[in-house]
Each structure stands twice: as structure tokens, then as C-alpha cells.
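Encoded as C-alpha cells, the structure appears first; notes follow it.
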Amino acid sequence: MPRRPVAATAVAMLLVGLCTGDALAQQGHGPGGGPSGGAGAGPAGGPGAAGPAVPSGGSGGLAGAPLALDSTAKPAVPDAAIPYAPNPAPAAPAAPPAPIEASKPTKPLLKLTALVTEDSGPIRSGLVWRIYKDERDGDDTRLKLLATMAGGDAEIRLDPGSYLVHAAYGRAGATTRVTIDRMSRQETLILNAGGLKLTASVAGDLPVNPSRVTFDIYSKDVDARGERQALVVGAKPGKVIRLNADTYHVVSHYGDLNAVSRAEIHVNPGKLTEATMYHKAAAVTFKLVAEGGGEALANTNWLVLTPSGDQITESVGAFPTVVLAEGEYSVVAKHNNDVYTRTFTVESGVDRDIEVLADKKQ
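To convert, note that position 220 of the sequence shown is 220 in UniProt numbering; the numbers rise steadily by one, no gaps.
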């Protein structure tokens with residue numbers, strides 16, 4: 001069979017397509033549309049809905065005409081919408097911003113510095129600051145303590161008003177009245193203080209056991225009852241005690257009985273004052289023995305008396321040791337319902353043993 005030329009086949013297919021398109025255009029797609037493509041009657045002869053208008057006139061009318069395949073138009077889908085899925089719910093309106101509270105006014109700042117003397121540098125440590133309200137509440141005679149600070153320089157914010165500021169440096173101290181207004185201020189306290197270092201010895205500069213020595217420091221003035229104000233009680237030897245520059249009454253105790261020494265000592269501002277207190281006393285150790293140089297008897301009661309019979313101390317044991325001021329004494333030893341006595345003398349700086357013989361002939 002002879003082959004048909006390719007060009008002829010293509011022309012034939014093009015003609016078929018054009019004819020088919022012309023037929024579709026002539027029929028229309030409106031429901032009940034007539035063959036003329038106008039307001040045609042349906043098959044039953046009733047009025048049909050008008051379809052999209054298509055120009056008539058054969059195949060020549062198809063050039064550039066739109067081809068309407070579906071007369072039911074669908075609404076346009078917004079660009080931002082997601083097909084076949086609900087749009088996100090609208091966001092809730094943002095809550096209004098919280099109102100900004102008006103800032104409270106800042107309290108004035110009080111800066112505090114303390115000096116040992118007027119020409120010394122600031123004290124960097126060891127200070128204790130106390131701030132008191134400069135008025136009393138009701139019947140209370142004490143001032144109200146508002147704040148306490150420790151160290152060196154201090155800062156504190158206070159409401160405007162009047163205050164009492166106290167700086168303590170050991171036993172040295174100073175107090176001043178400060179009035180605070182709306183402005184911050186600097187306050188410097190001059191303590192006018194010095195140091196006191198105490199040691200003890202017996203006559204002849206003989207050292208004593210420091211564990212047996214204590215010092216009490218009193219004001220030099222006495223009150224209406226003739227008593228002095230105690231400033232320091234039980235201070236140990238070698239310790240530096242900070243005091244305001246002044247004269248003080250110092251009492252040294254060697255032991256805890258009658259070995260007492262007293263002195264008036266002046267403390268200079270900005271300087272360390274060293275003083276040695278001298279005692280006329282000695283330490284004695286008692287022993288009850290069956291014979292001289294023998295073993296001490298345990299469970300012995302001891303009583304030390306002055307020559308006038310006043311009791312000084314009482315103790316129990318085989319080797320009690322006491323410190324006594326120089327002088328004459330008597331000792332009474334009680335053992336197993338037996339009583340033994342002896343008189344003895346204490347010499348300053350001479351520590352020794354006192355033996356009492358358990359001899360019923362005494």
C-alpha cells in the first residue's frame with residue numbers, strides 16, 4: 001500500500017479539528033441551548049437559559065473567541081488562603097501595656113568616715129557604726145536604733161530628718177548629730193583615740209604567768225556613790241585596747257584573790273601607750289604529807305586565813321595552788337576528820353610549796 005505523504009496527513013488532521021471546534025461552538029453549552037447558539041429553545045421547546053455568547057458565522061467566527069467549558073463560576077481563592085483548609089483564627093488583640101508607675105524619689109545618701117586623730121588617715125576596718133533616731137518614742141528613754149554597719153567607711157540612705165551617728169573603735173568612740181535634707185552629705189568623725197597595751201610583773205621585773213593575770217579599766221572620775229564606770233573587764237596581757245585619749249584607772253589582778261595592783265594611766269591620741277603593772281605577790285602550792293618530802297594526801301580540804309582570822313579562800317585537792325599578796329597567813333588542812341594547821345609567809349616573787357605535816361601532835 002502506497003504511503004500517504006506526511007504533509008497531507010497533517011493538513012487532514014487540522015481540518016478535522018477545525019470542523020469539530022465549529023460544531024461545538026454552534027451547539028453551545030447552556031442548559032437547553034438551541035442549535036443556533038442564541039436564546040434557543042430546549043428540546044421540549046421551552047425557554048432555555050442563555051449560554052455564553054459565541055459569535056456565529058461558521059468556522060470564521062472562531063478566530064480569537066474564548067472557549068467556555070463551564071458556566072458555573074467559582075469564587076476566587078485569596079492568595080493568602082490555604083485551599084481545602086480553614087484559615088487561622090484571627091489573633092486576639094494585644095493587651096494594653098501596664099501603666100508605668102512613677103519612680104519613688106531616692107533618699108539622700110549619708111557617707112561616713114572616721115579618723116583616729118585629725119591628721120590621720122581614714123580607719124579602714126574595726127569600726128562599728130550605729131544610727132539612731134534623734135527622738136524618743138513615747139515614754140521610752142532609749143533612742144531607737146535604725147541601722148548598724150561594720151568595717152571602715154559606711155554609706156546609708158535616710159529620710160530627711162535629724163539623726164545621731166555613733167562610731168565605735170574598740171572602746172574608743174564618738175557621737176555626732178546629723179541633719180539630713182534633700183541633698184546627700186559627707187560626715188567625718190574624729191575619734192581622738194589611742195591604744196593601751198598592758199603587761200604584769202612582780203617586784204624585780206620577774207615575769208608572771210600571763211594566764212593568771214587580767215586587767216580592768218575604769219574611768220578616772222567617780223559618780224555620786226564613789227564608784228567608777230567600768231570600761232573594760234578581764235583584758236588579757238599584751239592585747240592592744242583602743243580607748244579615747246584620756247586618763248584611766250587600771251586594776252591588775254594576779255590570780256583571783258588578793259594580789260591586786262592599781263595605777264592611773266594616760267592614753268595619748270594617735271599613739272600606743274604601753275604600761276607594766278607590778279605586783280607584790282607569789283604563787284604557793286599546799287600539800288598535806290605524813291612526813292617531810294612525802295606524798296601528798298588526796299581528798300584534803302584547805303582553808304587559808306589572814307592573821308586576823310578572815311577567810312581568803314577554800315579549796316579541795318592534793319595540790320591546790322593559789323596566788324597571794326606578800327604577808328603572813330595561816331592554812332588549815334582537814335583530812336579524814338582530822339585538822340592540821342600551819343602559819344607561813346609569802347614573799348614577793350618567791351613561788352614555793354607549803355607542806356603541812358599530818359601530825360596529830362600539832
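In this text, a Cβ means the ideal position worked out from N, Cα and C, and glycines have one as well.
Item	Value
Local Cβ density within 10 Å of Met-277, reported as buried at 16 or more and exposed below that	buried
Residues sharing a beta bridge with Leu-324, DSSP	Ala-282
Three-state secondary structure (DSSP) of Ser-201	strand
Spatial neighbours of Tyr-163 in its chain, beta-carbon cut-off 6 Å, leaving aside the 5 residues before and after	Ile-131, Asp-134, Val-178
Residues bridged to Lys-133 [DSSP beta-bridge criterion]	Tyr-163
Assigned exposure category for Lys-287 - 16 Cβ within 10 Å defines buried	buried
N- and C-terminal bounds of the beta strand (DSSP E) containing Phe-344	338-346
Lys-107 beta carbon less than 8 Å from that of Leu-158	yes
Gly-317 versus Trp-302: straight-line alpha-carbon distance, rounded	8 Å
Pro-108 (DSSP reduced to helix, strand or coil)	coil
Min CB distance Arg-225 to chain C below 8 Å	Although the question refers to chain C, the structure presented lacks it and comprises just one protein chain.
Distance, Val-213 Cα to Leu-196 Cα	16 Å
Nonlocal neighbours in the same chain, by C-beta distance under 6 Å from Ala-168, ignoring five residues either side	Val-128
C-alpha distance - Leu-305 paired with Glu-227, whole-angstrom precision	28 Å
Touch test, the stretch 271-285 against the stretch 244-262, Cβ-Cβ under 8 Å, three pairs minimum	yes
Rounded Cβ spacing between Pro-269 and Ala-193 (contact assumed at less than 8 Å)	7 Å
Contact under 8 Å by Cβ, His-279 with Arg-262	no
DSSP bridge partner residues for Arg-171 (one or two, in chain order)	Beta-bridge pairing links Arg-171 to no other residue.
Rounded C-alpha distance that separates Asp-137 from Tyr-329	58 Å
Nearest-angstrom Cβ-Cβ length linking Ile-217 and Ala-245, presumed shorter than 8 Å	Contact doesn't hold; Cβ gap of about 14 Å is too wide.
Minimum C-alpha distance to Thr-188 - residue among Gly-238, Gly-170, Arg-225, Ser-120	Ser-120
Spatially closest choice to Gly-292 from Ala-114, Lys-334, Asp-359, by CA coordinates	Asp-359
C-beta contact flag for Leu-243 and Ala-172 at 8 Å	yes
Which residues DSSP lists as bridging Lys-144, in chain order	Lys-144 is not bridged to any residue.
Where the beta strand (DSSP E) containing Ile-190 begins and where it ends	185-190
Local conformation of His-249 per DSSP, three classes	strand
DSSP state of Ser-211 mapped onto helix, strand, coil	helix
Neighbourhood of Gly-327 by C-beta distance below 7 Å, restricted to the same chain and skipping five residues each side	Val-346
Unbroken beta strand (DSSP E) run spanning Glu-227, endpoints	Glu-227 -> no beta strand (DSSP E), and no H or E assigned at all.
Extent of the continuous beta strand (DSSP E) run through Leu-305	301-305
Helix, strand or coil at Glu-314 [DSSP, three-state]	strand
Test item: CB-CB of Leu-272 and Val-240 under 8 Å	yes
Buried or exposed by the 16-neighbour rule on C-beta atoms within 10 Å, applied to Ile-354	buried
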